[in-house]
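J.: One structure coming up, written as structure tokens, with questions to follow.
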Amino acid sequence: MASHSQHEWLETTYAKATERAKERQPRFESSSGAEVAPLYGPEDLAEWNYFEKLGYPSEYPFTRGVQPTMYRGRLWTMRQYAGFGDAEESNRRYQFLLSQGQTGLSVAFDLPTQIGYDSDAPEAEGEVGKVGVAISSLEDIETLTEGLPLDRVTTSMTINATGSILLALYVAAAKKQGADLTKVGGTIQHDILKEYIARGTYIFPPRPSLRLVTDVFAWCKDNLPEWNTISISGYHMREAGCTAAQELAFTFADAIEYCDAALAAGLSIDDIAPRLSFFWACHSNFLEEVAKFRASRRMWAKIVKERYGSTNPRSQMLRFHTQTGGATLTAQQPLNNVIRTAFQAMSAVLGGTQSLHTNSWDEALALPTEGAVEIALRTQQVIGYETGVADVIDPLAGSYYIESLTDRVEEEANQYLARIEDMGGALACIEQGFQQREIQESAYRLQRMTETKERVVVGVNQFQTEAVHVPEIMRVDPALAQRQIGRLQALRERRDNTAVDAALAKIRAAAHTDENMMPLLIEAVECYTTLGEICNVLRQEWGEYQEVLTI
Amino acid sequence: MVTENRTLRVLIAKPGLDGHDRGAKVVARALRDAGMEVIYTGIRQTPEMIAEAALQEDVDVVGLSILSGAHLELFPRVIAELEKRGVTDVLLFCGGIIPEGDIPAIQQMGFKGVFGPGTDTNDIIAFLRENVTEKQ
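Residue numbers (the working numbering), protein chains in the order written: chain A, 1 to 551; chain B, 1001 to 1136.
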């Protein structure tokens, strides 16, 4: 049989075929607009070296995964983000999820808790218990974790500006349970930089916020060794509209800012890097997402090795949580979201995620109902136990397209990262609104493409049906907020207010020093000082961040 | 319907504490591209701040976006603050995660348009052009 090159085949056979019958769209492209060829083959990987690009699982550059056995040893942690109403109600949901085979907890907090307001603050009105559980004091955390052995269940907390306070609360609750702190595991998100870029739950300006981050790094290293001190997140930037490559670049730029801050605070890269974790989105471009996850491990390993000079494999390994794409869910024909979520979740598994949250199909309509949450969890279980994809490590490796795409996502992300570096790093760019503007541009481009139908969204701009009524949505009982406020006010009466005042005075005094805040925060929450009271003191001392408006 | 050539002035605002501003920004941008003058407030605006901006900027339209589920509490407060300032002749519309069952109540409050996820921005543009009435 005559052999000819891929290029020749494309120029002759393929070109002739497309003359006869046109391709179904003028151009095929990735999420960042890069052109996708009709076919990939050995010529695309001509220079490609297995050991340089991939290596074996658990070996540098970790492209194939961070553990030697991956899912043959243990499946990823199925971790559904949940929490609403008050601590009691949320505790019931956690007990239910654990009884259904979920393997880790993930706590959603309401917005007042995330932004440092107690449930009875005027700013909290209308928001208490809405998007997560309301936590104002140690009493609430004790209720939230009742019956959950904190030295055995790992808990992930999506909490940023008040992350250090929630960690202090969790530690105080664990201590009261008599748990051994060297065995208490979990994660706080505590990624403040992306809050300025996309998610919006910031309180303080960047400098004191970064100090809280490095205080947590330092304190956990000595006191809470199993804790993931940060979850550096691309997720929310992706949800706000950025591309896969931007997601990696913006996140690693933030990670570099945190590492630099830690070094400046006297820590070493190997003090902190083993406890850093990452958080990616998985959207609908299936193969690009798989490539993104693989590229992310290789990029981070190189950054830690080449930029920070660490040869410790534990420091070089990128461990990550994944959540399916909330922004890809549609309010139209909402059951289609079950399918979207399943494919997205599958891409995260093929990409080697350590833990996964699958969205519920009704989330474009309201907070998820219990039934929808259950289907989301079952989706993960079907992938893990029935499809066979978890039986082989990194099964898509070596695919011409997957490897080409992994290289390309890495290259695009590196170009962005270099631009950010040239502009002075992540923080300087945030202050100039660079990432915010880039994300807005990508979001707007996607919207235009949807409106012109260059991009098809099933049930939204094609294959539409008449809207059908959605029978049941989840509503938070307003009585829960009232109950929470009542309990909080009773606590203020009951507690030792002299001790509270003393603890707050210490925090105020430490605000302008470089003393580690963590012991002071723990002391404060242990005498039932509230989250809002602590934040009010720090707001007075540090001021509040002002959004950079880019539109 | 307003006269053809008049430039509409639109305030896009995010009341409450939620930071999900993708939709608000996309809408702001689309309205601007359609030739309207758009003032975007940024996130975490109190009802007072929004009403004050609407007054100061002398807008024809106020669009509110909420994704946290606090719309039934926050929208009436925005309207009360607008009324307090005598801003009663603006067209109100909103978007975000608004459950279907809440729409009648929101229309009762005075919102003429409710635009959920998946809305084509051209529909919003057409809606504004059709519904803004000439100011006195």
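No residue lacks a Cβ here, since even glycine has one placed at the ideal position from N, Cα and C. Predicted model, so just to flag it, every value in this text is computed and none were measured.
Let me know the secondary structure DSSP gives A/Ser310 once reduced to three states.
T.: DSSP places A/Ser310 outside both helix and strand once states are collapsed to three, so it counts as coil.
J.: Do you know offhand how far A/Ala218's Cα is from A/Asp271's?
T.: 8 Å
J.: Tell me, please, whether the CB atom of B/Pro1104 is closer than 9 Å to any CB atom in chain A?
T.: no
J.: Using 9 Å as the limit for Cβ to Cβ distance, is B/Leu1074 near chain A?
T.: yes
J.: Could you name each continuous alpha helix (DSSP H) segment of 4 residues or more that falls completely within the stretch 1008-1080 of chain B, going from the start of the chain to the end?
T.: Secondary structure within the stretch 1008-1080 of chain B: the alpha helix (DSSP H) runs of 4 or more consecutive residues, fully enclosed, are 1022-1033 and 1047-1057 (chain order).
J.: Unbroken alpha helix (DSSP H) runs of length 4 or more, entirely within the stretch 329-383 of chain A: which are they?
T.: With a minimum length of 4 residues, the continuous alpha helix (DSSP H) runs that stay inside the stretch 329-383 of chain A are 336-350.
J.: Run through DSSP, which three-state label would A/Tyr81 get?
T.: strand
J.: Would you identify the three-state DSSP class for A/Gln114, choosing helix, strand or coil?
T.: helix
J.: Please report the residue range of the alpha helix (DSSP H) in which A/Ile165 lies.
T.: Residue range Gly163 to Gln177 is occupied by the alpha helix (DSSP H) that includes A/Ile165.
J.: Would you tell me roughly how many angstroms separate the C-alpha atoms of A/Tyr202 and A/Arg238, rounded to the nearest one?
T.: 18 Å
J.: For B/Thr1121, return the contacting residues in chain A, with the cut-off set at a CB-CB distance below 7 Å.
T.: Gln447 and Glu451
J.: Starting from A/Gly200, find everything on chain B with Cβ-Cβ shorter than 8 Å and list it in chain order.
T.: Ordered by position in chain B, the residues that pass the 8 Å Cβ test against A/Gly200 are Asp1018, Gly1019, His1020, Asp1021, Ile1043 and Arg1044.
J.: Checking 9 Å against the spacing of the C-beta atoms, do A/Ala253 and A/Cys429 come in under that value?
T.: yes
J.: Any beta carbon of chain B sitting closer than 9 Å to that of A/Gly126?
T.: yes
J.: Name the residue from A/Ile188, A/Glu195, A/Thr162 and A/Ala342 whose alpha carbon lies nearest to the alpha carbon of A/Ile230.
T.: Closest by alpha carbon: A/Ile188.
J.: Taking Cβ to Cβ, would you say B/Ala1070 is nearer than 9 Å to B/Pro1104?
T.: no
J.: Please say whether A/Thr322 and A/Tyr258 have beta carbons closer to each other than 9 Å?
T.: no
J.: Which value, in whole angstroms, describes the spacing of the CA atoms of A/Arg492 and A/Gln102?
T.: Note on geometry: alpha-carbon atoms of A/Arg492 and A/Gln102 lie some 36 Å from one another.
J.: Give me the subset of the stretch 1059-1087 of chain B whose CB atoms are less than 9 Å from a CB atom of chain A, sorted by chain position.
T.: Leu1067, Ser1068, Gly1069, Ala1070, His1071, Leu1072, Glu1073, Leu1074 and Arg1077
J.: Between the Cα of A/Gln100 and the Cα atoms of A/Gly371, A/Thr251 and A/Glu410, which residue gives the shortest distance?
T.: With distances taken between Cα atoms, A/Gln100 lies closest to A/Gly371.
J.: Express the C-alpha separation of A/Met78 and A/Ser355 in angstroms, rounding to a whole number.
T.: Those two C-alpha atoms are separated by around 6 Å.
J.: When burial is assigned at 16 or more other CB atoms within 10 Å of the CB, is A/Gly613 buried or exposed?
T.: In the structure displayed, chain A extends from 1 to 551; residue 613 of chain A sits before or after that span and is not available.
J.: How long is the line joining the alpha carbons of A/Trp280 and A/Gly73, rounded to whole angstroms?
T.: 23 Å
J.: Out of A/Glu59, A/Leu166, A/Leu75 and A/Gly41, which has the shortest C-alpha to C-alpha gap to A/Met317?
T.: A/Glu59
J.: Is the distance from the Cβ of A/Glu288 to the Cβ of A/Trp48 below 9 Å?
T.: no
J.: For the stretch 307-332 of chain A, enumerate the residues whose C-beta is nearer than 8 Å to any C-beta of chain B, in chain order.
T.: Only those residues of the stretch 307-332 of chain A whose C-beta falls short of 8 Å from the nearest C-beta of chain B are listed: Ala327, Leu329, Thr330, Ala331 and Gln332.
J.: Along the chain, where does the alpha helix (DSSP H) containing A/Ser209 start, and where does it finish?
T.: Run containing A/Ser209: Pro206 to Asn223, per the alpha helix (DSSP H) assignment.
J.: Sorted by chain position, which residues of the same chain lie with C-beta nearer than 6 Å to B/Gln1136's C-beta, five sequence neighbours on each side aside?
T.: Residue placement at B/Gln1136 is flagged as unreliable, the pLDDT there being 43, under the threshold of 50; the coordinate-derived value follows with that caveat. Here the set comprises nothing.
J.: Please check if any C-beta of chain E sits within less than 9 Å of the C-beta of B/Gly1113.
T.: Going by chain labels, chain E is absent from the structure shown, which instead holds the protein chains A and B.
J.: By the three-class DSSP mapping on this structure, what secondary structure does A/Ala105 have?
T.: Just to set this straight, residue 105 of chain A is Leu in the shown sequence, not Ala. Three-state DSSP puts A/Leu105 in a strand.
J.: Can you find at least 3 beta carbon pairs, one from the stretch 388-401 of chain A and one from the stretch 163-170 of chain A, that sit closer than 8 Å?
T.: no
J.: Between A/Tyr308 and A/Ile269, what straight-line distance do the alpha-carbon atoms span, to the nearest angstrom?
T.: 7 Å
J.: Are the beta-carbon atoms of B/Val1027 and B/Thr1088 separated by less than 9 Å?
T.: For B/Val1027 and B/Thr1088, no; Cβs fall outside 9 Å.
J.: Just checking: is the beta-carbon of B/Arg1009 within a distance shorter than 9 Å of some beta-carbon in chain A?
T.: no
J.: Within this structure, are the beta carbons of A/Trp9 and A/Leu45 separated by less than 9 Å?
T.: no
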